[in-house]
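In terms of this note's numbering, the sequence shown opens at residue 67 and continues consecutively.
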Amino acid sequence: MKIKKLSTLALSIGLIVGTVSAPQVYAQMTSAAAGGRVLSAQGAPVSGAQVEIVHIPTGTVSRLTTDAEGRFSARGLRVGGPYRIVATGNNLEASLDGQYFELTDTSALELILASSSSVSVEEITVTGSRVGSLFDSSRMGSGSVVGRDQIEALPSIGRNIQDYIRTDPRIAQTDKERGEISAGGQNTRFNNIRIDGVSTNDAFGLESNNLPTARQPISIDSIESINIALTNFDVSRSGFTGASVDAVTRSGTNEITGTVYGVFGDSDWTGKRDGQRFTGFQDESTMGFTIGAPIIKDRLFVFGSYETFTRSAAAPIFGPAGSNAPQIVTGITTANIQDVQNIAQNVWGFDAGSFEAPASLDTEIEDLLLKIDWNINDQHRASFRYNSTEQVEPFLRNFGARQLSLSSFWHNNIKEFESFVGQLYSDWSPNLYTELSVSRADQSSLWDIGEPLPSIRICLNSATCSGADALWIGSERFRHVNELITQTDNVTGAATWYNGRHEIKFGAEYQSQDLYNLFGRDQFGVYDFYGIEAFRQGRPGSYSLFYPTQGDVRTRAAEWTLENIAFFIQDTIDLTDTLNITAGVRLDIPRTNDIPLFNAGASTAFGLRNDSTVNGNRLMQPRLGFNWQPEMAQRTQVRGGIGLFQGIAANVWLSNPFSNNSVNQGAITSNNPAADGILFSPDPNNQPGSRPPPGQGGIVDFVDPSLKLPSAWKANLAVDYELPWYDMVASAELVMTEVQEGIFYEKPNLGAPKGTTPDGRPHYWTTTVPGVFTGASSQATANRNRAYSVDTTIARPTSKGDGEQLTLSLQGRPDYNWSWGVAYTRTNATEVNTLTSSQAASNWNNAIRADRNADVAEKSAYAIKDRLTASLNYRKEFIAGYETSFGLFFEARSGKPFTYTFTNDANGDGRSGVDPLYVPAAPGDVIFTGGSAMEAAFFNYLDSQKYLARDKGGIATVNGAQAPYVRQFDLRISQEFPFIQGRKGEVWFDIANLGNLLNKDWGVIREVGFPGGSGVARFQGIDPASGKYVYSFNQNDIRDLTLRDNRGESRWSMQMGARIRF
């Protein structure tokens, strides 16, 4: 069905191109472009006319000569403006002033020569946020642009790039706390974010926001423009199956300009909930400056910026009985803590630390940028940019109603990102232009854990750790040894040859990613003690250890290089005055010379080599785009295209076989350490336990040898129509995505299914007879290969999954005072695996499916079904010479999808809460352990849930339910004021979730918690006589919607900023 739908759209595109028979188009990598025609007053083309394009702020000049048909083309232009375009020929002249050109687009112009003044017959240029038009012959794909004016006008509490990406109606912030954005219902890791052509993604794929630090690694005050594309058919573009986001940084000009600014927020400026103030942070402050200046007028320019951000978080509110903490953990006393501290110091010789946290815990981010622009001459221009970001964030883990940790358990995460890029733009002749980019980006994430120690949990008031109060000391198990270092090098060269009606672009790209990830979890040992006395005696109740089989812990690291070589060529053809087409092809060849350590035993056991990679799995990507502007009374534009795009996989997924091969590391797990002769050792480098031979007993992660990097067919078809009122433009656009190469995970070591459940799903229970069935102990573990972990996985390829988005929009053309727009998007998308984690086993474990080993597409967990957005910017000089501005952004959207599930493990695969519920058709369809009263209570609940009731008689639809609608709007109010020596200052207020300030019930986000399963009933077996499910039901056990408020996303909040301009 999906193939038929995409094929139908492709056929429609082909018919449009073929029927109306297809100017300048297509993306420059980090610059803008302009082209068009010079005509006589009679409309005839003027050959040999001289065209001069001048960037007024820097005096940068491009000089061109028209061809026999009066055409000209300029590439490598600076983004923004204003520009002045002058054409001369036959002793006549034409000029255009105040033009602005966008990142990656080609603006189309027509100039008519006259004796003294110029007239623009057709000024079809999208010009940032100022005087632009949506009718541009280079617009073929689906996307939008946010210019510098909009960046300054729109509210943004977080000062992050996501707050501006969300203005595109097809992209949703699916998780504000984690900074996740989804384009078209696609996985949040499938977006590609570049700044000045340098990828600023989290290169390894660990971060939920897909960035190497908490915010983009360049201050938002340093960004000139942001281009957002869901489909861009230029063959130089790759690395995304979701959205491609390209930003370009600001540059110096002939004027010395700059800003000094500060932005401040406070928890007192955040709404209360149930009378309680917000405790997510105490205060936030951002301080910075920008400066741009000429080094040599009209020739050499510099731009720099520096910014610091500090968030002071409150100390944990939990503390032991006998302390002054706001919330007391009654099962742990200050005397207990003193006993543990004394035993740790006097018996075992280490400092367990204190429970008294600092008054505030500061997260600090420091951004630095330096950029040089050099007009070498009129034919060549170069740019050099360096930036660095450093972030330090403290983590005080395991504080809660029944647990506390001491300071030995706390740690800091230190992240660094550093990049540089050099770019050269060259006009070799009137017909040949080249662009060369060389860049490097270095990323690291390290953990400061203090003194290395085993991870220790001391359980109180219980014979085991189940249901106990717990005190944590030592080094947290996942930070024992945890280092991430990546280096990404990129060289891209592209040439554009302009030949009459043809514009041929060709080039190549090379990228190399050096990846080093040392995830030495449990390296120092992990102990549970059932009581303080057991800790004193060194007799643990459970113990685990992961250890390097080759001695040095660094042999556990995943260290490898992934390269990609690409070649591309396309032809952009000006078929008629109203129709442009572009057609091209791109070849990507990923390769690596590194392979995981070979595990012969595991490869034999599972019939697949564990040292396979994506090496050499090349992909040819054809693309076609068009723009047709028929001659009609009201300006109309039909645009679209279709193409194949290779995306990016989180490199951590491809790294798992390097880390988990059961050759370079072994594992010891003991639930009866006394019987195994294991006693506690505080020495992290001398842990107890007999080591099994390498290659046995651990997790082995496989990559199917046919697996390729993710890729998808993407297509769009759109109509833009200028209404006869108030310069409004209405648009309708369909965007479709079809997975060609995807990834899903299989667990081959579950063993063969023992049978099927009443609804037909496979199960792995040794028995399902009620009364004999005992949950986890009834899993059919005998069917698996006990030499290897049940968490052994295979990353398999899939061609399933698709998406459709329909967007209807209305916007007014911006003038000096006003700009506005409103849009509605309906999204449907499917996927085989949600791919929520960095670990292969967790990607399988957290997938909510009736059969997680099956290659079956279900509704996407990232698809926001309905989204309505509106933005409004207004500015006016209420005081002469000093602007007042208002910027408003509104969003109303469907809640995140979720699935009704069993509360426990219903199929015996060892995972609870992720098996979709069988929804009984009527009373009597299943048997309830509590009889008719329990059955009546269950059906009362079922009938109250509209999404659940739809699935009566079948398995609950995966992601078929939706959390409540979310409606929020943000406001910025800004006022200029006079400053010394004629300079101006500005003060502004951002109010996020303004509706919640007016009514505490507005703007609230309620969702089902991760991984998206709302547990309803408990599986209690299968009745052998009737073959029916047996359920138990307690409404108090339902996993219901919870408030999302860790970062205050369900409250109003406000920040104040001030800026001095010079």
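All C-beta atoms, glycine included, are put in the ideal place defined by N, C-alpha and C.
### Query
Using DSSP with H/G/I as helix, E/B as strand and the rest coil, what is Thr-864?
Judged by DSSP in its simplified three-state form, Thr-864 adopts strand.
### Query
Do the segment 316-332 and the segment 257-274 meet, that is, are 3 or more Cβ pairs less than 8 Å apart?
no
### Message
Just to check my reading of the structure: Ser-474 and Gly-415 have Cβ atoms closer than 8 Å, yes? What is that Cβ distance to the nearest angstrom?
### Response
That pair is no contact at about 13 Å.
#### Entry: C-beta contact flag for Trp-1129 and Ile-1039 at 8 Å
Outside the displayed span of the chain (67 to 1128) sits residue 1129, for which this structure offers no information.
### Task
Since I believe Asp-932 is in contact with Arg-959 (beta carbons under 8 Å), could you give me their beta-carbon distance rounded to a whole number of angstroms?
That pair is a contact at about 6 Å.
### Query
Considering only the beta carbon of each residue, do Gly-146 and Ser-285 sit closer than 8 Å?
no
### Task
Round the Cβ separation of Pro-759 and Leu-745 to the nearest angstrom and send it over; I've been treating them as touching at under 8 Å.
About 24 Å; that fails the 8 Å criterion.
### Query
Looking only at C-alpha atoms, which of Val-120, Ile-231, Gly-251 sits nearest to Gly-245?
Ile-231
### Query
Taking the alpha-carbon positions, what's the Phe-1099 to Ser-208 distance?
If you take the alpha carbons of Phe-1099 and Ser-208, they lie about 48 Å apart.
### Task
Could you say which of Thr-642, Ala-1091, Glu-804 lies nearest to Glu-870 if we only look at CA atoms?
Glu-804
### Task
Measure the beta-carbon distance from Leu-581 to Ile-398 and round it to whole angstroms, keeping in mind my assumption that it falls under 8 Å.
Contact doesn't hold; Cβ gap of about 42 Å is too wide.
### Of the residues Val-112, Arg-852, Asn-1025, Val-326, the one placed nearest Thr-374, counting alpha carbons only
Taking only the C-alpha atoms, the option nearest Thr-374 is Val-326.
### Task
Classify Leu-1109 as helix, strand or coil using the three-state DSSP reduction.
strand
### Query
Is it true that the segment 881-890 meets the segment 1041-1053, where meeting means three or more beta-carbon pairs spaced less than 8 Å apart?
no
### Message
With a threshold of 8 Å on Cβ separation, who are the neighbours of Gln-348 within its own chain once the five nearest residues in sequence on each side are excluded?
### Response
Asp-332, Ser-333, Ser-378, Ala-379, Ala-380, Ser-426
### Query
In whole angstroms, what separates the C-alpha of Arg-10 from that of Ser-736?
Look at the range of the chain in this structure, 67 to 1128, and you will see that residue 10 is not part of it.
### Pro-656 (DSSP reduced to helix, strand or coil)
strand
### Query
What residue from Ala-906, Pro-989, Gln-877, Ile-294 has the CA that sits closest to Arg-938's CA?
The sequence as given places Leu at residue 938; Arg does not occur at that position. Distance check between Leu-938 and each of Ala-906, Pro-989, Gln-877, Ile-294 places Gln-877 closest, using alpha-carbon atoms only.
### Query
Alpha carbon to alpha carbon, how far is Thr-864 from Asn-681?
18 Å
### Per-residue burial, Asp-1067 [other beta carbons within 10 Å of its own, 16 or more giving buried]
Its Cβ having fewer than 16 others within 10 Å, Asp-1067 is exposed.
### Query
Nearest to Ser-908 by CA position, among Phe-968, Ala-410, Tyr-811, Thr-965, is which residue?
Tyr-811
### Close-in-space but distant-in-sequence residues of the same chain around Pro-819 (CB under 7 Å, 5 per side omitted)
Pro-828, His-829, Tyr-830
### Task
On a CA-only basis, which of Thr-554, Tyr-596, Ala-574 is nearest Trp-538? Give me that one, please.
Tyr-596
### Message
Using 8 Å as the threshold, is the C-beta distance between Thr-400 and Ser-389 below it?
### Response
yes
### Query
Skipping 5 residues on each side, what residues in its chain have a beta carbon closer than 7 Å to that of Ala-88?
Because the pLDDT of Ala-88 is 28, which lies under 50, any placement of that residue in the model is unreliable, and the question is left without a value.
### Message
I need the DSSP call for Lys-1066, collapsed to helix, strand or coil.
### Response
coil
### Query
Quick one: complete beta strand (DSSP E) runs, 3+ long, within the segment 333-418?
349-362, 366-380, 384-387, 393-399
### Task
Report the three-state DSSP secondary structure of Ala-174 (helix, strand or coil).
strand
#### Entry: Bounding residues of the beta strand (DSSP E) (the contiguous stretch that carries Trp-719)
Here Trp-719 belongs to no beta strand (DSSP E); instead the alpha helix (DSSP H) covers 717-725.
### Task
From the DSSP output, in three-state form, read off Phe-1004 for me.
helix
### Query
Between the beta-carbon of Ala-153 and the beta-carbon of Ala-100, is there less than 8 Å?
No, these two residues do not count as a Cβ contact at 8 Å.
### Task
Going by DSSP, name the residue or residues bridged to Asn-565.
His-568
### Task
Leaving out five residues on either side along the sequence, give the residues of the same chain with a beta carbon under 6 Å from the beta carbon of Gly-1069.
Gln-1034, Asn-1059, Gly-1061, Asn-1062
### Task
Flag this pair as yes or no: are the beta carbons of His-446 and Ser-492 separated by less than 8 Å?
Less than 8 Å separates the beta-carbon of His-446 from that of Ser-492.
### Task
Going by CA-CA distance only, name the one from Leu-200, Leu-177, Gln-1086 that's closest to Ser-875.
Leu-200
### Expected contact under 8 Å - CB spacing of Thr-562 and Tyr-499 to nearest Å
5 Å
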